[in-house]
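Following numbering that gives the first Met the number 0, the numbering of the sequence shown begins with 0 at its first residue and continues without gaps.
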Amino acid sequence: MEEQKFNSRTLLEIILISTIIVILTMITSFLPTLATVILPIPIIILYLRRNISETYICIIITIIALSLATNPHIAVLFAAIYGLIGIGVGYCVKNNKSAYRTFITTCILTLLSIIVAIIIYTTFIDKKSIIDLVNEIVSSIQVYTRQNLEYIAANFSTDMSDIIATVTSKEMIVGYIPVVLIMTTFISSYLILIISNKILKSLKMKDINVLHFSNFYVSNLIGAFLIAILAISIIIKSKEIADIKYIITITTGLVVVIFLLNGMATISYVLRKKTHLSKIATIIVLVVTYFMGLGNLYAFLGLVEMIFDFRKLDPHRIFKK
């Protein structure tokens, strides 16, 4: 009788979580970034309260409900994206993984979810190819940017033709795609963990050990891999293969943004740990100095920090002493 009571309670909880997810999916259907942050949370909560098999049952019920309420594509989108993130984060928290590993796992799953979401939406809902989507995005950005720069040039009587040509070039815009993806992934991952931790605390459940930004680091193994990819891209460029310049631009953007985050985390570490600056003040300093043009300096600092690991965070650091 007790087992039957337990099963009934569990089933009720699974149905309740599924219902919440369906409602949240409806609300956030036009805000994919918000959906990425919000929808994995119910799955995380269920995983921590129950186990993996019951979480799978919840995802299956949600897929069926979403297929009936919306369409099968959105249902598959949920399973492939938000269910994956929820299970991944829930696993790390339940098994007491380190804050760094939990964060990196969340980042990887979030990045995969964004890519899968774009592919599914473009292919099955919008019925276009990825190339067509990229060309549309590039064309829209070119028109918008050109209009704004021409307006500025006309008002200040300045010749900005060279700047307009550079900024609106397809190669430049395509190069920003990995930058936007990585930054979106990074911020979304932090929001998932922070919001989940707040909710879990209010429910008096297990706390999530959220990684402090000042303790974020790029392992020299990852750094070496990124630099190797960049070097290979440059070598391939010498073969004069068509459109290889876009691969080099994308690779360069990817390497720079990762080292940029590492450099900003290093500065955050100094400001927080050495000068005891407040969290808000540290954020303001980093944002203001970045927009003042110190982005390249932060990226270079991130490269140096990856090699020498002054913060002693990387277990695989080159210089152990």
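Here a beta-carbon is modelled for each residue, glycine too, at the ideal position from N, C-alpha and C.
Since the structure is predicted, the reported quantities are computational estimates derived from the model, not experimental observations.
Status (buried if at least 16 other CB within 10 Å, exposed otherwise) for residue i
{"i": "residue 261", "result": "buried"}
{"i": "residue 128", "result": "exposed"}
{"i": "residue 143", "result": "exposed"}
{"i": "residue 52", "result": "exposed"}
{"i": "residue 26", "result": "exposed"}
{"i": "residue 286", "result": "exposed"}
{"i": "residue 15", "result": "exposed"}
{"i": "residue 1", "result": "Note that residue 1 has pLDDT 40, beneath the 50 cutoff, so the model's placement of it is unreliable and the number below is only indicative. Burial call: exposed."}
{"i": "residue 32", "result": "exposed"}
{"i": "residue 17", "result": "buried"}
{"i": "residue 13", "result": "buried"}
{"i": "residue 89", "result": "buried"}
{"i": "residue 257", "result": "buried"}
{"i": "residue 153", "result": "exposed"}
{"i": "residue 270", "result": "buried"}
{"i": "residue 301", "result": "buried"}
{"i": "residue 92", "result": "buried"}
{"i": "residue 279", "result": "exposed"}
For residue j and residue i, the rounded distance between their alpha carbons
{"i": "residue 47", "j": "residue 265", "result": "33 Å"}
{"i": "residue 259", "j": "residue 316", "result": "19 Å"}
{"i": "residue 164", "j": "residue 218", "result": "37 Å"}
{"i": "residue 64", "j": "residue 107", "result": "28 Å"}
{"i": "residue 115", "j": "residue 76", "result": "8 Å"}
{"i": "residue 204", "j": "residue 94", "result": "14 Å"}
{"i": "residue 311", "j": "residue 318", "result": "9 Å"}
{"i": "residue 295", "j": "residue 182", "result": "16 Å"}
{"i": "residue 61", "j": "residue 199", "result": "22 Å"}
{"i": "residue 96", "j": "residue 149", "result": "52 Å"}
{"i": "residue 274", "j": "residue 117", "result": "43 Å"}
{"i": "residue 123", "j": "residue 29", "result": "17 Å"}
{"i": "residue 120", "j": "residue 141", "result": "23 Å"}
{"i": "residue 134", "j": "residue 201", "result": "45 Å"}
{"i": "residue 7", "j": "residue 55", "result": "17 Å"}
{"i": "residue 98", "j": "residue 283", "result": "24 Å"}
{"i": "residue 72", "j": "residue 232", "result": "36 Å"}
{"i": "residue 45", "j": "residue 11", "result": "12 Å"}
{"i": "residue 151", "j": "residue 80", "result": "41 Å"}
{"i": "residue 103", "j": "residue 180", "result": "15 Å"}
Close beta carbons around residue i, own chain, < 7 Å, minus the five adjacent residues each side
{"i": "residue 125", "result": "none"}
{"i": "residue 245", "result": "170, 173"}
{"i": "residue 267", "result": "212, 213, 281, 285"}
Residue j beta carbon less than 7 Å from that of residue i
{"i": "residue 109", "j": "residue 188", "result": "yes"}
{"i": "residue 248", "j": "residue 229", "result": "no"}
{"i": "residue 82", "j": "residue 42", "result": "yes"}
{"i": "residue 263", "j": "residue 216", "result": "no"}
{"i": "residue 314", "j": "residue 252", "result": "no"}
{"i": "residue 192", "j": "residue 209", "result": "yes"}
{"i": "residue 78", "j": "residue 58", "result": "yes"}
{"i": "residue 84", "j": "residue 112", "result": "yes"}
{"i": "residue 196", "j": "residue 186", "result": "no"}
Close-in-space but distant-in-sequence residues of the same chain around residue i (CB under 8 Å, 5 per side omitted)
{"i": "residue 9", "result": "49, 53"}
{"i": "residue 226", "result": "254"}
{"i": "residue 194", "result": "36, 37, 40"}
{"i": "residue 175", "result": "252"}
{"i": "residue 137", "result": "169, 172, 173"}
{"i": "residue 23", "result": "34, 37, 38, 41"}
{"i": "residue 4", "result": "Confidence is the limiting factor: at residue 4 the pLDDT is only 45, short of 50, which leaves the residue's position unreliable, though a coordinate-based value still follows. Excluding sequence neighbours, residue 4 sits near nothing in its chain."}
Spatial neighbours of residue i in its chain, beta-carbon cut-off 6 Å, leaving aside the 5 residues before and after
{"i": "residue 66", "result": "74"}
{"i": "residue 184", "result": "106, 109, 110"}
Cβ contact (3+ pairs, closer than 8 Å) linking the segment 304 to 311 and the segment 219 to 227: yes
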